[in-house]
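Engineer:
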Amino acid sequence: MKNNRSIYTASVHAGSEIKEHFGASSTPVFNASLYRFTDADEGAAVHNLQKPGYYYGRLGNPTTGALENAISELESAEAAVATGSGMSAIAAVFAGLLKSGDHVVLPASRYSTTGYLLNHLSDHFNVEFTYVDATSAANYRAAARENTKLFWIESPSNPLLNITDIAEVASFAHEAGIIAAVDNTFATPFNQSPLALGADLVVHSATKYLGGHSDLTAGLLAGRADLVQKAREVGIVYFGGSIAPQAAWLVLRGIKTLALRMERHNNNAYAIANMLNEHPSVKAVFYPGLESHKNHEIAKTQMKGFGGMVSFDVGGAEEAKRFLNALDLVAIATSLGGVETIAQHSASMTHAGLSPEERAKAGISDGLIRMSVGIEDPDEIAADLKQAIERI
Ligand code: PLP
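Encoded structure:
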């Protein structure tokens with residue numbers, strides 16, 4: 506991090522260029538889609554990258570650039586690019602770095618749309634991929650082939666909070682000349698630094714914790730400058746997956762309280778996971794902070810805190826439905842990372858697009874509830890969950 510400042514300081518100040526904006530303490534929102542030049546030579550110099558500057562909205566502007574600087578600092582990255590959504594950041598990586606015939610290794614249990622995108626790339630562009638149980642790093646090595654270009658990691662994973670040993674997978678990747686990329690959405694830069702663990706790239710759905718208030722859609726990608734540049738060229742310049750200036754500003758504002766919010770998310774989720782773990786009517790709890798979690802020891806070494814996401818099994822689909830319908834404070838909703846506590850039924854909502862066999866293979870049972878624990882009073886969240894469990 507710049508000047509080695511801590512994440513508490515960096516999250517407040519990262520990306521701000523106060524001197525350039527008349528002392529404004531909040532980076533202004535630049536809505537302009539065009540930027541005038543003083544003369545023809547300056548226009549040519551900016552277009553030819555001989556002079557830094559902005560000239561066209563799709564390609565970036567001072568607000569989106571400030572956000573890119575902010576995430577570069579928080580992830581200690583050489584370069585970053587801001588995108589219109591988490592999926593556009595993921596798509597920029599896949600489309601920018603893969604070519605027909607390349608092979609990707611990714612977790613069997615992961616954010617569903619990442620898999621759907623690879624299905625599409627496989628059907629239409631001959632990209633190959635293999636799903637692995639990502640809870641064992643050795644499975645990545647075993648799945649690697651001559652044509653493997655990318656190891657995709659999602660840790661903690663959606664929805665089961667699986668943990669992958671990032672340092673181990675990155676080290677296999679580099680022995681074999683493979684790129685290691687991590688979806689760091691669940692952990693955030695507060696809890697985990699994949700680049701410091703050896704990964705080449707990190708992506709975020711900034712819609713979640715970085716924005717933090719369930720009021721925007723955005724994505725971020727950071728890491729090795731050459732890889733980020735390729736992803737930018739395809740994802741932003743060709744596909745036009747740019748972030749809107751207002752959304753970039755909202756993410757910048759959200760990041761200012763990231764450290765505080767994450768501390769509270771970590772503490773609340775830890776308390777709720779323990780409460781659920783001791784509850785006789787809950788069949789299983791998935792939270793990397795629990796000693797019973799399969800990869801708790803790895804989580805302890807690579808994460809500063811265990812995050813705000815908790816998943817648990819209430820028995821079956823009917824029980825899950827009765828539980829959700831009995832909630833009062835906790836909302837039924839399918840995003841995550843906002844200040845409010847929300848819960849959803851993975852099998853019929855976020856992961857409904859997988860076949861029952863695919864869900865079974867990924868470990869997503871019919872009774873699985875995925876919960877994003879907010880920053881409310883933890884006793885009041887727990888009380889709502891307990892009364893809903895009683896009504897299963
Ligand atoms: N990665 C993870 C782990 C997610 O949970 C999500 C969305 O839920 C995404 C990426 C996609 O982000 P977005 O919805 O901002 O496109």
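The sequence shown begins at 506 in the working numbering and counts up by one. Ideal Cβ positions, reconstructed from N, Cα and C, are used throughout, including at glycine.
Under 8 Å between the Cβ atoms of L763 and G724?
Structural biologist: Not in contact: L763 and G724 (Cβ atoms no closer than 8 Å).
Engineer: Smallest Cα separation from Y540: which of F527, S531 and P557?
Structural biologist: With distances taken between Cα atoms, Y540 lies closest to P557.
Engineer: In terms of residue numbering, what span does the beta strand (DSSP E) encompassing K556 cover?
Structural biologist: Neither: K556 is in no beta strand (DSSP E) and is coded neither H nor E.
Engineer: What is the DSSP secondary structure of A736, reduced to helix, strand or coil?
Structural biologist: In the structure shown, A736 sits in a helix (DSSP, three-state: H, G or I).
Engineer: Buried or exposed for D882, going by 16 or more other Cβ atoms inside 10 Å?
Structural biologist: Counting Cβ neighbours within 10 Å, D882 comes out exposed, since fewer than 16 surround it.
Engineer: Going by alpha carbons, who is nearest to P661 out of R729, E738, H850 and K809?
Structural biologist: Closest by alpha carbon: K809.
Engineer: Report yes if the C-beta of Y616 is less than 7 Å from at least one heavy atom of the ligand PLP; otherwise report no.
Structural biologist: Yes.
Engineer: Tell me the rounded alpha-carbon separation between L781 and Y792.
Structural biologist: Approximately 10 Å, taken between the alpha carbons.
Engineer: Which residues does DSSP pair with W657 in a beta bridge?
Structural biologist: In the DSSP output, where bridge partners are listed per residue, W657 has A686.
Engineer: Does the segment 764-771 come into contact with the segment 631-638, if we say contact requires no fewer than three beta-carbon pairs (one atom in each stretch) closer than 8 Å?
Structural biologist: No, they do not touch.
Engineer: Hey, is F691 close to the ligand PLP, as in C-beta under 7 Å from one of its heavy atoms?
Structural biologist: For the ligand PLP, at least one heavy atom lies less than 7 Å from the Cβ of F691.
Engineer: Quick one: give me the first and last residue of the alpha helix (DSSP H) that R646 is part of.
Structural biologist: Taken as a continuous stretch (DSSP letters only), the alpha helix (DSSP H) holding R646 covers A643 to A648.
Engineer: Report the residue from V551, T846 and A838 whose alpha carbon sits nearest the alpha carbon of T855.
Structural biologist: Selected option, being the one with the closest Cα: A838.
Engineer: Would you check whether the ligand PLP has a heavy atom nearer than 7 Å to the C-beta of N667?
Structural biologist: N667: no, Cβ never under 7 Å from the ligand PLP.
Engineer: Distance, Cα to Cα, A647 vs A752?
Structural biologist: Distance between the alpha carbons of A647 and A752: 41 Å.
Engineer: Pull up the CB-CB distance for D688 and Y621, whole angstroms please, since I reckon it's below 8 Å.
Structural biologist: Their Cβ separation, rounded to whole angstroms, is 14 Å, which puts D688 and Y621 out of contact at 8 Å.
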